[in-house]
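Residue numbers (the UniProt record's numbering): 1 to 523. A virtual CB, placed ideally from N, CA and C, is assigned to each residue, including glycine.
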Amino acid sequence: LNLLRKRHLFTDVVLRAGNQAFHCHRAVLASCSRYFDAMFSGGLKESRDAEVNFHDSLHPEVLELLLDYAYSARVLINEENAESLLEAGDMLQFQDIRDASADFLEKNLYPGNCLNMLLLSDAHCCERLLVESEELEVEDETLVYEAVIGWIRYDLPQRHEVLPELLRSVRLALLPESYLRKQVACEKLVTSHKLGEEIVADAVRCKMKILQNDGLVTGCCARPRKVSQALLLLGGQTFMCDKIYMLDHKTREIIPRADIPSPRKECSACAIGCKVYITGGKGSENGASKDVWVYDTLHDEWAKAAPMLVARFGHGSAELDHCLYVVGGHTAVSGAFPASPSVSLKQVEHYDPQLDKWSLVAPLREGVSNAAVVGAKMKLFVFGGTSANQEKLPKVQCFDPCQNRWTVPASCPQPWRYTAAAVVGSHIIVIGGDTEFSASSAYRFHSDTYQWSKFGDVTAKRISCRAVTSGNRLYVVGGYCGAQRCKTLDCYDPSSDTWSSVTTVPYSLIPTAFVSTWKYLSA
1 LNLLRKRHLF TDVVLRAGNQ AFHCHRAVLA SCSRYFDAMF SGGLKESRDA EVNFHDSLHP
61 EVLELLLDYA YSARVLINEE NAESLLEAGD MLQFQDIRDA SADFLEKNLY PGNCLNMLLL
121 SDAHCCERLL VESEELEVED ETLVYEAVIG WIRYDLPQRH EVLPELLRSV RLALLPESYL
181 RKQVACEKLV TSHKLGEEIV ADAVRCKMKI LQNDGLVTGC CARPRKVSQA LLLLGGQTFM
241 CDKIYMLDHK TREIIPRADI PSPRKECSAC AIGCKVYITG GKGSENGASK DVWVYDTLHD
301 EWAKAAPMLV ARFGHGSAEL DHCLYVVGGH TAVSGAFPAS PSVSLKQVEH YDPQLDKWSL
361 VAPLREGVSN AAVVGAKMKL FVFGGTSANQ EKLPKVQCFD PCQNRWTVPA SCPQPWRYTA
421 AAVVGSHIIV IGGDTEFSAS SAYRFHSDTY QWSKFGDVTA KRISCRAVTS GNRLYVVGGY
481 CGAQRCKTLD CYDPSSDTWS SVTTVPYSLI PTAFVSTWKY LSA
């Protein structure tokens, strides 16, 4: 069809922009654009005319790019054409072009173009580019405030006057009380602007009301964004994982949210955006599974993804660059009855959610099960685990997806298995586990230098616990201290360097996995 278009064969409409003419097929345009669909099928004058003239409202080069996309499903977006493509895509309702251009601009946002992007996104209703967007996905409102202050400082003489307008866009009363009082209220940019100072003072008063009302949210500066982070626990009354639970931060209760369609034990779970991926495990017949179940937290729906290439349990999983990796574990020995586990696997699989496709990547240097797996700095890290000869592995294994290669950049401070790991800031924190020494110890791993440092003790010894980061805080749940189950869900706040107990886990719940994801807050 594209070749026919360029040869002007069988075309039935001519689009004009500036002084250029483009011969096209109405059916192709209507299939890609709701604008052209309505134009050609709605009885408008243009539905009968042989030409549609955009005059100077559309640049010929931009129209040519849109037509190339309509006929080939491909377009190259760069710094020179991204804004024009977003505007044209919005005007002619090429939704895919509009969204892809917004993605490009979002990834190339910096202080020098921030204001232009704000105006552009406002003009074309691109809420994802707006600091005040209800759909803004942010772990902590502190990040929004610091982005605003950083933008103001970049060109203080020109931008200081718009500080109040931007401060109103920040949900200031959602900031931690100490941060709001000590950092925001004392910020020189705020105290030197009378209106800005008044806005922050109102937010402080609102924050105090919230604290006095035990969490009741009132006022515009305290309104949660529609999308916010949620902590989900996967577990059950036995070691069979059959339900998803959610931590209610207001009541500090762990409440049931959804039943898992296919209960299993020794599975792994990982969140990517608003979806939770549950991989592998052992079902009621104790056979290793390849199944992958996906829970959509925004729509409260389950779907089945493509199965893994290798059935496995006791494995780890982590997100890296919006893709899922599953690492190690065991599989059932072929022909054995009852099913018995294999030695620890070396196989590592990569899953692309966009393609719903699994592929094998380079294998581990040493096969492991029951290891802590985490993604950081565009690399995958595996800490300790049970080796092929059933010993605790005292090594850190690191995967570089760009080179498709595993290395062993460091040793662990002690032999580890059944540990938990999570990224806090620029470091990886490794907690607890079945170790030779105190399982209440925690260590900080520097993912740039591959060096270890002591992190301090957690609130209790934990073997086989789960850890996750949310809102720049570290949460730990589950595990055992000797023969006793650990009853508390604990939180570490790096801003105060303190641990605290968030809530008590119901005795009937045995956590299998712990993830941080996004949830939708209804109005």
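Measure the alpha-carbon distance for glycine 478 versus cysteine 486 and round it to whole angstroms.
Going by the C-alpha atoms only, they are around 6 Å apart.
For asparagine 404, report the span of its beta strand (DSSP E) as first-last.
Where asparagine 404 is concerned, there is no enclosing beta strand (DSSP E), given that its DSSP letter is neither H nor E.
Please tell me whether isoleucine 244 and valine 276 are closer than 9 Å, where the distance is taken between their beta carbons.
Closer than 9 Å, so yes.
Among the residues of its own chain, which have a CB less than 8 Å from the CB of glycine 425, if the five just before and after it don't count?
Cβ neighbours of glycine 425 beyond the five flanking positions: Asn472, Pro494.
Could you tell me the alpha carbon to alpha carbon distance between isoleucine 463 and histidine 427, rounded to whole angstroms?
Rounded to whole angstroms, isoleucine 463 to histidine 427 spans 22 Å at the Cα level.
With a threshold of 8 Å on Cβ separation, who are the neighbours of leucine 91 within its own chain once the five nearest residues in sequence on each side are excluded?
According to the sequence displayed, residue 91 carries methionine and not leucine. Here the set comprises Tyr35, Ser57, Leu58.
Would you mind stating whether threonine 331 and leucine 320 have Cβ atoms separated by less than 9 Å?
No, they are not a contact pair.
Let's test the definition: count the other Cβ atoms within 10 Å of the Cβ of serine 447 and tell me whether it reaches 16, buried, or not, exposed.
Serine 447 comes out buried.
If you count every other CB in all the chains shown that lies within 10 Å of the CB of aspartate 300, and 16 or more means buried, which is it?
Exposed: under 16 other Cβ atoms inside 10 Å.
Would the beta-carbon of tyrosine 325 fall within 9 Å of that of valine 348?
Yes.
Output the boundary residues of the beta strand (DSSP E) element that contains asparagine 53.
Residues 51-53.
Can you confirm whether the stretch 18-35 touches the stretch 58-67 when touching is taken to mean that 3 or more C-beta pairs between the two stretches lie within less than 8 Å?
Taking 8 Å as the limit for Cβ pairs, the verdict is that the stretch 18-35 does touch the stretch 58-67.
Suppose the cutoff is 7 Å on Cβ atoms and the five residues either side in sequence are ignored; what does the same chain contact list for tyrosine 492 look like?
Arg473, Leu474, Trp499, listed in sequence order.
Exposed or buried, what is valine 13 when buried is set at 16 or more other beta-carbons lying within 10 Å of its beta-carbon?
So valine 13 counts as buried.
Buried or exposed for glutamate 165, going by 16 or more other Cβ atoms inside 10 Å?
Exposed, by the Cβ-count rule.
Whole angstroms is fine: what's the gap from leucine 195's alpha carbon to glycine 43's?
Cα-Cα distance, rounded: 53 Å.
Taking its Cβ as the centre, do 16 or more other Cβ atoms sit within 10 Å of residue 526, making it buried, or is it exposed?
Residue 526 is absent from the model: the chain starts at 1 and stops at 523.
Measure the C-alpha to C-alpha separation of alanine 421 and glycine 287 and round it to an integer number of angstroms.
Distance between the alpha carbons of alanine 421 and glycine 287 is about 28 Å.
If I measure Cβ to Cβ from serine 47 and keep anything under 6 Å in the same chain, skipping five residues before and after, which residues do I get?
Result list for serine 47: Phe40, in chain order.
To the nearest angstrom, report how far apart tryptophan 293 and cysteine 270 are at their CA atoms.
Distance between the alpha carbons of tryptophan 293 and cysteine 270: 11 Å.
Around the Cβ of threonine 512, are there at least 16 other Cβ atoms within 10 angstroms (buried) or fewer (exposed)?
Buried: at least 16 other Cβ atoms inside 10 Å.
Out of Leu393, Phe455, Leu232, Leu175, point me to the one whose CA is closest to isoleucine 210's CA.
Checked all of Leu393, Phe455, Leu232, Leu175; the closest Cα to isoleucine 210 is Leu175.
How many angstroms separate the CA atom of leucine 156 from the CA atom of glycine 150?
For leucine 156 and glycine 150, the distance between alpha carbons rounds to 10 Å.
Less than 7 Å between C-beta atoms, sequence neighbours within five positions excluded: which residues of the same chain meet that for aspartate 352?
Once the five neighbours on either side are set aside, the close Cβ partners of aspartate 352 are Cys323.
When the Cα atoms are used, what is the spatial distance from alanine 222 to lysine 250?
Distance between the alpha carbons of alanine 222 and lysine 250 is about 14 Å.
So for serine 387, helix, strand or coil by DSSP?
It is coil, neither helix nor strand.
According to DSSP, proline 261 sits in a beta bridge with which residue or residues?
The partner list for proline 261 (beta bridge, DSSP) is empty, contrary to what the question assumes.
Ignore the nearest five residues each way along the sequence and tell me which others in aspartate 296's own chain have a CB closer than 6 Å to its CB.
The answer, listed in chain order, is Lys275.
Candidates Pro506, Asp400, Leu393: which alpha carbon is nearest leucine 380's?
Measuring from the Cα of leucine 380, the nearest candidate turns out to be Asp400.
Closest to serine 169 by CA distance: which of Leu180, Glu187, Glu141 is it?
Checking every option, the nearest Cα to that of serine 169 belongs to Glu141.
Count the other C-beta atoms from every protein chain shown that fall within 10 angstroms of the C-beta of threonine 517, then say buried if there are 16 or more, exposed otherwise.
Buried: at least 16 other Cβ atoms inside 10 Å.
Helix, strand or coil: how does DSSP classify histidine 23 here?
Histidine 23 falls in the strand class under three-state DSSP.
Could you tell me how far apart the beta carbons of threonine 504 and threonine 488 are, in whole angstroms, since I believe they sit closer than 8 Å?
6 Å between Cβ atoms; contact.
Look at the alpha carbon of proline 363 and the alpha carbon of tryptophan 406, and state the distance between them as a whole number of angstroms.
For proline 363 and tryptophan 406, the distance between alpha carbons rounds to 7 Å.
Pick out the complete beta strand (DSSP E) segments inside the stretch 322-376, 3 residues or longer, and give them in chain order.
Listed in chain order, the complete beta strand (DSSP E) runs (minimum 3 residues) inside the stretch 322-376 are 323-327, 348-352, 357-361, 372-376.
For leucine 85 and serine 101, which I take to be in contact (beta-carbon distance under 8 Å), what is that distance rounded to the nearest angstrom?
That belief holds up - the Cβ atoms of leucine 85 and serine 101 are roughly 5 Å apart, short of 8 Å.
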